[in-house]
Structures are given as C-alpha cells and as structure tokens.
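Reviewing the structure listed below.
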Amino acid sequence: MNLENKTVLVTGGTGSFGQKFIKRALQQNVKKVIVFSRDELKQYEMAQEFTDPRMRFFIGDVRDKERLYRAFDGVDIVIHAAALKHVGACEYNPFEAIKTNIHGAQNIIEAAIDRNVKKVIALSTDKAASPVNLYGATKLASDKLFVAANSYVGERETKFSVVRYGNVVGSRGSVVPFFKKIKETGRLPITDERMTRFWITLDQGVQFVLDNLQRMHGGEIFVPKIPSMTVTDLARAIAPECEIDIIGIRPGEKLHEAMIMEDDARHTKEFDTYYVIQPEFPWWSEEYTAAGQSLPDGFKYTSDSNTEWLTVEELRELVEEM
3 MNLENKTVLV TGGTGSFGQK FIKRALQQNV KKVIVFSRDE LKQYEMAQEF
53 TDPRMRFFIG DVRDKERLYR AFDGVDIVIH AAALKHVGAC EYNPFEAIKT
103 NIHGAQNIIE AAIDRNVKKV IALSTDKAAS PVNLYGATKL ASDKLFVAAN
153 SYVGERETKF SVVRYGNVVG SRGSVVPFFK KIKETGRLPI TDERMTRFWI
203 TLDQGVQFVL DNLQRMHGGE IFVPKIPSMT VTDLARAIAP ECEIDIIGIR
253 PGEKLHEAMI MEDDARHTKE FDTYYVIQPE FPWWSEEYTA AGQSLPDGFK
303 YTSDSNTEWL TVEELRELVE EM
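What follows is the structure, given as structure tokens:
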C-alpha cells in the first residue's frame, strides 16, 4: 500500500517486525511513523538508528486505554504487533497474557474507532488456529475481536483485518538465534524430530501486511501461502556438525501448526499467493472475494500437509541472509 502522507502507528514497534516495517514505511513519503511500546531502553536504542524527523516514540502499554487514546490522535493506520508471544511464558503467566493479548486488543479496537483511525491490521499467528496453548487461545480471541470490531464501527470509516502467518526467520523469538548461540557446544536440543513449522521471512511478512492494507475491506483474516520445514532440517542447515538431542515436547507445544482448519475452510477463498478467511457476519459481501476459488470439502492448511517444503540448502541460504 502507498503510505504517502499517512500517519502510521505500530504497537510493539521496537520488535523485529516493527523495525523492518518502519524501515519500509520511511522509504515512502509517509507523514509520520509512531512507535508505541513499553520498553524505554529498546526505544532509546531504536532512536539511535532511526533518526528520521518523521519518527515519534510513545512509551505506553496496550493495556492502558487512555494512553492509546492519546497516541491514536491523528493516526491513519495502526499495525498491531504488540503481544506476549512466548508459549512457555504464557502458559505460566496466563493472566498476563490475557491482559495484553485480549484486553489489549479490545483497547486497540475502541481507541481506533473513537479516534477515527482509517485502517487497523492485527498480526496473528498459526498458533491461533485450533490452539492447544494459552498463547494461541489468546490470539484466537484477539482475531475474533478484530473481525467482530467491524460490527461496532457504525457510521465511522474504521476497518479492521487480521494477518495470520507462521514462524519468522530470524526474529528474536525464533529458534534460529538460539541454535546459532549454542552450536559451539556440539549439540542441539530438538523437542521432537517429527516437528514441522510454517516459515516466512521478515521481508515477506512486511510485504504481506502492506499488500493487505491495500486490499482489505474489513473483517478478513489473510493467510499467505508459505513453505514448511522440519526442525531437524533447520538444525542440519545451521549446524550440520552437531549431534541432536531429542528432549521432548514442551508444555503447550504442537507437533505441527495449522493456519486454516476444516470449519474455517468452508468460508475461505483461495487466491494465487494467499487465502482469505471471510467473516461470517451479515455485513460482509462475498463480492469482495469473488475472484477467489472456494476450497474443497475437508480442506485444511497445516504445516505437515503443505505442498511446499524448504530443503536443507534453502534453509541454510535463508539463515545466511539474516
């Protein structure tokens, strides 16, 4: 999407996605970019690199609705990337995950509507489809809130949509930095050698968000077509010389991830490079996705049944490009 003369706010803007997205935004004739996050040190460090006069930094937490009301004043577009994302941390701190990922989502919605923000895209995760851990459950609730938010807009112009994708190569929460850090020990721990995951690069994730800012009508969950990989192949790509230790699946962890399950597939349309999960609300018009193809009965989009896979060599190239 062309961001020319737009004021864009990114919640969780000091994270891996936020920094990459903001670099892309500043390459356009954007009016202003606002980083909204709660870590003053990360903001200070980011401000040393991002010295563009169009940058603004707001200390704040998505749990604080009043602060969001102030931050959203005059904002055209909100990219909601803030969340508690660590599966284990959410399992052992469930109240905190709910406050940030669910109550925070509601605060974003209410502030965006009342401040007349034009477009909001919330970042989701494959763990929100058929969740087995609290993180995934909170993100599923968040997705539902953002889709339903279009019912609350009334005569205002605010539109809400969701982007859902898998693990991001090289993000701070991914296993890649961890494997790189410990490979000198000669051993890499893997929870289960059968484990598969969807894989996307930061650049691809940012471009997907920009594309959907352009095409969104409000209410869609956009899912990219991306490749899968096995965790054992990733380990071989990063440290082929290392021995592998199988340590067992951790609390809340899946063998395989999903992005579209069978019940969602009934109201999903397929396009060349992505899927659109359509909202089941009377205000939605299927004319918006008329160019897409309906999915066959029983369809599901999971990391183990994917038709596109990354080889060890392709994974090695991706890791080296980081």
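Plus 2 on top of the position in the sequence shown (first one is 1) and you've got the working numbering.
Note that the Cβ used here is the ideal one computed from N, Cα and C, for glycine as well.
Integer Cβ distance of residue i from residue j, believed to fall under 8 Å
i    : j    : result
V208 : K34  : Incorrect: roughly 18 Å between the Cβ atoms, too far for contact.
D63  : R40  : 5 Å
T232 : T198 : 5 Å
M263 : A131 : 6 Å
T304 : H258 : 6 Å
I123 : V37  : At roughly 16 Å, the Cβ-Cβ gap does not stay under 8 Å, so I123 and V37 are not in contact.
S18  : V170 : 7 Å
F59  : A49  : 6 Å
L317 : L236 : 6 Å
R238 : V314 : 5 Å
Continuous beta strand (DSSP E) stretch holding residue i: start and end
i    : result
F23  : From DSSP, F23 is part of no beta strand (DSSP E) but of the alpha helix (DSSP H) over S18 to L28.
P226 : I223 to P226
V37  : K34 to S39
E272 : T270 to E272
V12  : T9 to T13
Close Cβ partners of residue i (< 8 Å) along its chain, the five nearest in sequence each way excluded
i    : result
Q30  : N4, L5 and E6
N337 : Nothing about residue 337 can be reported from this structure: the residues present for the chain run from 3 to 324 only.
S173 : G17, S18, F19 and L204
Identity of the residue in the options nearest residue i by Cα
i    : options                   : result
R166 : I251, I248, I223 and K25  : I223
A114 : I100, E68, P96 and W201   : E68
E47  : T16, I24 and Y71          : T16
D274 : T291, S287, D266 and E282 : T291
Y94  : N135, A124 and K121       : N135
L11  : E195, I79 and I251        : I79
E319 : P281, I240, K271 and F162 : I240
L86  : E112, Q108 and T140       : T140
K227 : F181, G188 and W201       : W201
V32  : E42, K8 and K44           : K8
P284 : M324, N152 and E315       : N152
Q206 : G168, E243, C92 and G221  : G168
E282 : L297, A150 and E322       : A150
P242 : M218, K182 and Q45        : K182
C92  : Y154, E310, K302 and Y137 : Y137
Continuous alpha helix (DSSP H) stretch holding residue i: start and end
i    : result
A91  : V89 to Y94
L320 : V314 to E323
S163 : Note, S163: premise wrong, no alpha helix (DSSP H); beta strand (DSSP E) at K161 to V165.
6 Å Cβ shell around residue i - same chain, five flanking residues per side excluded
i    : result
N308 : S230
V164 : A124, S126, D145, F148 and I223
Identified DSSP bridge partners for residue i
i    : result
R377 : This structure cannot speak to residue 377, because the chain is shown only from 3 to 324.
I262 : Y303
Cβ-based neighbour list, residue i, same chain, cut-off 7 Å, excluding 5 preceding and 5 following
i    : result
K101 : R65
Y276 : F224, V225, P226 and K227
G294 : K271, E272, F273 and V278
Cβ-heavy atom distance, residue i to the ligand NAP, below 6 Å
i    : result
H105 : Ligands are entirely absent from the displayed structure, and the ligand NAP is therefore not among its contents.
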